[in-house]
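Worksheet: the structure to be examined is printed underneath.
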Amino acid sequence: MRGDPADIIASMSDTSPRFSITTNDNVVTVEGEIDAHSAPEVGEALTPLPGSGEVRLDLAAVEFIDSSGLRVIIDAHQRAEADERRFVIAQPSRAVQRLIEISGLSDHLNLATD
Amino acid sequence: MGNFGIMAVRGEIEELSTQFTVDACTSQLSGIRRIVTDTLGRAGVDIDVIDDVELAVSEAATNVIQHTDSPTVSIAVGECEGGWAFDVGAAESLLDLSASAGPMPNGERISGRGLYIIRALMDRVDVIDVGDDRVLRCVKFAS
């Protein structure tokens, strides 16, 4: 894509982050993109850990995630462990699975594909 | 950043596809990724390569936004021999690539994974000087 950089920048006015979070008892569902902009909201939804017992973070509809999102996940995982609760990443999307694998965390996190 | 002459480095970047500068705000990250992936998609690049570049660009841009005082982030994407290269401007904080030369941080470490991820995804990662600018240049060869 060539063009005046000003045109490119102007075209970014309609590129707001695509992201949503819902919490239902002990299940937090995130859809869209998790990056440095949206990761803090995911962290807030997981602080304190919702419900009781096992916490499930449903990431089936996550289209993109980077280390900012991973940081929030690891933090929640560690807090759950400290509370003797199980933190499960439910139905991780391809993007989520790929990042966890690249980061060498497949054996550290609890992934559920059911 | 002044004249953003990222692609002035001769001998590597063969054709510039896009370059742009945006405010150094996390709200710009989605748009940055979209421009880069659209550029590569229109060029017919393999989806796996696009996914890798998308993640690496996001990590690099985030690094500039969160760890430098630069008011802007500049990105350039171009074709090089055998693949694609992208540059991220305002890369002063990325000078110490040796810090990410070792293994990925273990599961107990919460932060500091961004540069490791970039290295894991890209075939080449360098900090180079282009005029008065210092940029992070990443190269991904076509699979």
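Here the protein sequences line up with chains U and W, keeping their order.
So that you can map any letter, position 6 of the first sequence is 6 in this note's numbering, and since no number is skipped, the others follow by simple counting.
So that you can map any letter, position 46 of the second sequence is 1046 in this note's numbering, and since no number is skipped, the others follow by simple counting.
For glycine and all other residues, C-beta sits at the position ideal for the given N, C-alpha and C.
Quick one: which chain U residues come within Cβ less than 7 Å of Glu1081/W?
Correct list: empty, because the minimum Cβ distance to chain U is about 20 Å.
Straight-line gap, Ile1065/W to Ala90/U (C-alpha atoms, nearest Å):
31 Å
Measure from the C-beta of Leu1097/W to each C-beta in chain U and report whether the shortest distance is under 8 Å.
Since pLDDT at Leu1097/W reaches only 49, below the 50 mark, its modelled position is unreliable, and no value is offered.
Kindly give me the distance between the Cβ atoms of Pro1071/W and Asp1023/W, rounded to whole angstroms, as I take these residues to be in contact under 8 Å.
7 Å
Stretch pair the region 22-32 of chain U + the region 93-113 of chain U: three plus CB contacts closer than 8 Å
no
According to the neighbour-count rule (16 or more other Cβ atoms, all chains shown, within 10 Å of its Cβ), is Asp1087/W buried or exposed?
Label assigned to Asp1087/W: buried.
With a 10 Å radius around its C-beta and 16 neighbouring C-beta atoms as the bar for buried, classify Ser67/U as buried or exposed.
Buried is the call here.
Tell me whether the beta-carbon of Arg1042/W lies closer than 8 Å to the beta-carbon of Ser1058/W.
no
Tell me which residues share the same chain as Asp1123/W and place their Cβ nearer than 8 Å to its Cβ, disregarding the 5 neighbours each side in the sequence.
Gly1083, Val1139, Lys1140, Phe1141
Per-residue DSSP class, three states only, for Asp1096/W
Confidence in Asp1096/W is poor, its pLDDT being 47 and thus under 50, which makes the residue's placement too unreliable to answer from.
Rounded to whole angstroms, what is the Cα-Cα separation between Ser1098/W and Leu1121/W?
For Ser1098/W, the predicted structure reports a pLDDT of 48, less than 50, and the residue's modelled location is therefore unreliable. A value from the coordinates is still provided. The alpha-carbon atoms of Ser1098/W and Leu1121/W are separated by roughly 16 Å.
When the Cα atoms are used, what is the spatial distance from Leu46/U to Ala112/U?
Each residue's Cα considered, the two are about 18 Å apart.
Proximity test, Cβ basis, 8 Å: Ile102/U and chain W:
yes
Which listed residue (Val96/U, Ala61/U, Pro48/U) has its alpha carbon closest to that of Arg85/U
Pro48/U
May I ask which residues mark the beginning and end of the beta strand (DSSP E) holding Thr23/U?
19-24
For Phe19/U, collect the residues of the same chain with a Cβ closer than 6 Å to its Cβ; drop the 5 residues on either side in sequence, then sort them by chain order.
Gly32, Glu33, Ser38
How long is the line joining the alpha carbons of Ala1056/W and Ala80/U, rounded to whole angstroms?
29 Å
Check Thr29/U in the structure and name its three-state DSSP category.
Here DSSP, grouped into helix, strand and coil, assigns Thr29/U to strand.
What are the boundary residues of the alpha helix (DSSP H) that Ala1142/W is part of?
Here Ala1142/W belongs to no alpha helix (DSSP H), and DSSP marks it neither H nor E.
Against chain W, does Leu63/U count as a neighbour if the rule is that its beta carbon must be under 8 Å from one of theirs?
Checking the displayed sequence, the identity of residue 63/U turns out to be Glu instead of Leu. Not an interface residue.
Would the beta-carbon of Glu41/U fall within 8 Å of that of Ile21/U?
yes
Less than 6 Å between C-beta atoms, sequence neighbours within five positions excluded: which residues of the same chain meet that for Gln1028/W?
Val1022
What's the C-alpha gap between Ser1017/W and Ser52/U?
51 Å
Who pairs with Asn110/U in a beta bridge, going by DSSP?
Val88/U
Could you name the residues that DSSP lists as bridge partners for Leu1016/W?
Gly1078/W
Whose C-alpha, out of Arg56/U, Ala61/U, Val62/U, Val30/U, is nearest the C-alpha of Val88/U?
Arg56/U
Here's the rule I'm using: 16 or more other beta-carbon atoms within 10 Å means buried, otherwise exposed. How should Asp1046/W be labelled?
exposed
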